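Read left to right, the sequence shown gives residues 6 to 655 (the numbering used here). For glycine and all other residues, C-beta sits at the position ideal for the given N, C-alpha and C. Just so it is clear, the structure is predicted and the values come from calculations on it, not from any experiment.
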Amino acid sequence: MRFVRTGFVLSALLASLVGACGPQDGASSGDLPSRDVLLGEARAAATTGHKAFRVMTYNVRGPLDTGVLAWPNRKAAVIQRILANNADIVGVQEAQAPAGGPSIPADLIAGLTGTDKPYGVYNPGGGSPKLIFFKKSRFEMAPEVGHGNESLVNPYAPGAPCFSHAEGKKIAWVGLRDLTSGQVYFVANTHFAYAAACSLGRLKEAAQMAAFLATKPAGLPVIAMGDFNADAQSTSTPGESTLEDLEAGAKLFRTARFDGTTGEDDATFNNAWDGTPSTNYARLDYIFHNGGALTSSAPAIDRTESGGNTPSDHFAVLATLRPALFSAGSTFSPTPGGTSPATQVFFADVTGDGCADRISWNATLGEGETWVAISRCDGSFVAAVKNEGAFSAVSTTRFSFADVTGDGCADKVLWRPTLGDGEVRIYPAKCDGTFGDRVSVFQAASQSESTRLSFADVTGDGCADLLRWNPKERAGAFETFVAKCAGAPAFGAAVQSTVGANTSEGTRVYFADVDGDGKADRILWNPDQDGGRTRVYRSTGAGVFAFAFAHEAGTSGVDTTRLYFADVDGDGKADKVFWRPNFRQGRMQIYPGTGTNFAGSPVMDNTGYSGSENTTFAFADIDGRGGADKVYWNPNSYDGDTKVFRALAQ
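And the structure:
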């Protein structure tokens, strides 16, 4: 089964960090309206939505050490790491102030806050306060939300080995208002029980924190961070469900996910900090957020050393919180033959109203007719109507839908190597969901099963050109048959492009407007070539292409990886979408296009994720708002209905 993506716009986005001014002013409780009134005003003021900002969580290690590792010898380096990373919100753990010893919270507050320093702070107090710092130029405390220090349960009896490990654990929380957007966030910082043997304590803490975050924020967006001392993918706490329980109970999402056993590159705990290296790696520090209009990008672990060692036994963990690319809710639409894995589903604007319609086909149902469901331009479709003409009961038939005539309506294209003389058969759209009489095109005729035909506007004239490639012919060169845009399906003679010629059957070929010039560029990916990089060849017009760049990030040498290229944010430039069912727990990774490359770090997409090989995705502008919406379809799920997650085009 497959989706074919033709007849829609392609693009990208990466919101920039922005700053504003204005430290918070204090007010007495008597000057404030009721909390419910202020919360309502806070939510109303947030109608401008989210703007990207950086979050950091950092366990700075308490004053437990002597000599070079003692806090007085580390504090300058710790403060420097916080300042150097320049995060907008920073949560700190193990900021202890023991009697008669150095005061970590006092040192951090002195080094980061004040009139000449960038940060404000919420200090909840207590024996090991979970300090929450925030950029004064970007955030202020929101008195209508308030702040607090929620104690976590200790399930162990005094004297039990884990009692001290779970004792005194808390959740520090504060409301922060973004000065650039008015959006208010509920920010929580915590530290769970430590030691591998103390999993019961962490599970109880996770359950309590999930219940707390499910109710206390009163509908505000949540950011939760801390040292959770659990990693189900580590050899120290294998299979422990602390993080999963927290996510499920509070409807949170991790800003970073990884696969397999935790290795050196994934660990957030420096297991060589005390001079005794170990291969027992663990990822203990996390940043979470809830869903809706919020997601994350640019996850990072800061392993910078100072004087031959890191300033703490934990590495600082960072992520950018930013607007989501797709709406969390979806629309469901029945699909003819949707429960059959032999069904193929396509999306293209066959009516010319700017909204992509859905076309489905199954060779084994009926006589192999295609069914057209016209888009309602709201993410849903009207009931599908059967096309009487241009049907096929042969499963090797290949359908495409693209506007080859320039009238704004996608035409139906049928080709099979064994059909006729291998000619391409085009059925012009009538712009009402039906198609006219066949027009046969012989220039690109092929009787080879290895031939691949694509349709994309590579010249920028509004008509989809015909692209032919066969790795076994013409030394793997590509051919373009430029559409004549003459009101009827017609193409010029072949224009050969040897740049990027490829003779491997394993190469995937895509066409999308990567640089935003209105012409579809050619994109190649082969898991066995060039380190699995995506290679982009810019269209220079008239069917000729020139090498533009190879994307260094988002590489894959795994054949089951699926790549898509679509403008999900409506900026006119194609973004790169990376998905594999068993990669990062089925979440899509989206690399926004910049026009000259794709981003080096992906945006996490937490909508409509799937770990099933039977799931197929497509991207098309179904609602006509300019961004490519995401379509999810799995014949074994939701009665075979298609689900549309609408793009939140910026």
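From which residue to which residue does the alpha helix (DSSP H) around E252 run? 247-255
Using DSSP's beta-bridge definition, name the partner residues of A652. F331
Quick one: is A277 buried, meaning 16 or more other Cβ sit within 10 Å of its Cβ, or exposed? exposed
Does the distance from the C-beta atom of H152 to that of D232 stay below 8 Å? no
So E510 packs on A499, CB below 8 Å; how close in whole Å? Going by Cβ atoms, the distance from E510 to A499 rounds to 21 Å, so no, they are not a contact pair.
Endpoints, alpha helix (DSSP H) assigned at H170: 168-171
Whole beta strand (DSSP E) runs in the region 76-122 with 3 or more residues, listed along the chain? 94-98
Report yes if the CB atom of T247 is closer than 8 Å to the CB atom of L299, and no otherwise. no
With a CB to CB cut of under 6 Å and the five nearest residues on each side skipped, what residues in its chain are close to W530? R513, T539, L568
Are at least three pairs of beta-carbons, each pair with one atom in the region 238-257 and one in the region 283-303, less than 8 Å apart? yes
Just the Cα atoms here: how many angstroms apart are F650 and G632? 11 Å
Can you list, in chain order, the residues of its chain with a C-beta nearer than 6 Å to that of D725? Leave out the 5 residues immediately preceding and following it. The structure shown does not extend to residue 725, since the chain is modelled only from 6 through 655, so no value can be given for it.
Should F552 go down as buried or exposed, given a rule of 16 or more other Cβ atoms within 10 Å for buried? exposed
What do you reckon, is the C-beta of F440 under 7 Å from a heavy atom of the ligand NAD? Summarising the ligand content, the structure contains no ligands, and the ligand NAD is consequently not present.
List the DSSP bridge partners of Y569. V582
Using only alpha-carbon positions, find the residue among V541, D574, G357 that is nearest to R381. G357
For the alpha helix (DSSP H) containing K221, name the first residue and the last one. Unbroken run through K221: none, as it is neither H nor E.
At the level of alpha carbons, what is the spacing between Q85 and G536? 37 Å
Between D626 and C360, what straight-line distance do the alpha-carbon atoms span, to the nearest angstrom? 6 Å
With a CB to CB cut of under 7 Å and the five nearest residues on each side skipped, what residues in its chain are close to D646? F337, S338, P339, T340, G343
Do three or more CB pairs link the region 474-494 to the region 419-426 at distances below 8 Å? no
Based on DSSP bridge pairs, tell me the residues matched to Q349. W366
Proximity below 8 Å, CB of P433 to CB of V418: no
Could you check what DSSP says for Y127 in three-state terms: helix, strand or coil? strand
C-alpha gap between I114 and A177, whole angstroms: 16 Å
Where the beta strand (DSSP E) through W530 begins and ends: 526-530
In chain order, what residues of the same chain have a beta carbon less than 6 Å from the beta carbon of G521, not counting five sequence neighbours either side? G577, K578, G600
If you follow the beta strand (DSSP E) that K477 is in, where does it begin and where does it stop? Here K477 belongs to no beta strand (DSSP E), and DSSP marks it neither H nor E.
Whose C-alpha, out of A321, A368, A652, R430, is nearest the C-alpha of N90? A321
Could you say which of K175, V227, L218, P148 lies nearest to G206 if we only look at CA atoms? K175
Using the three-state DSSP reduction, which class does R589 fall into: helix, strand or coil? helix
Just the C-alpha distance for Y637 and A389, rounded to the nearest angstrom, thanks. 18 Å
How is the beta strand (DSSP E) around E428 delimited, first residue to last? Unbroken run through E428: none, as it is neither H nor E.
To the nearest angstrom, report how far apart V582 and G384 are at their CA atoms. 20 Å
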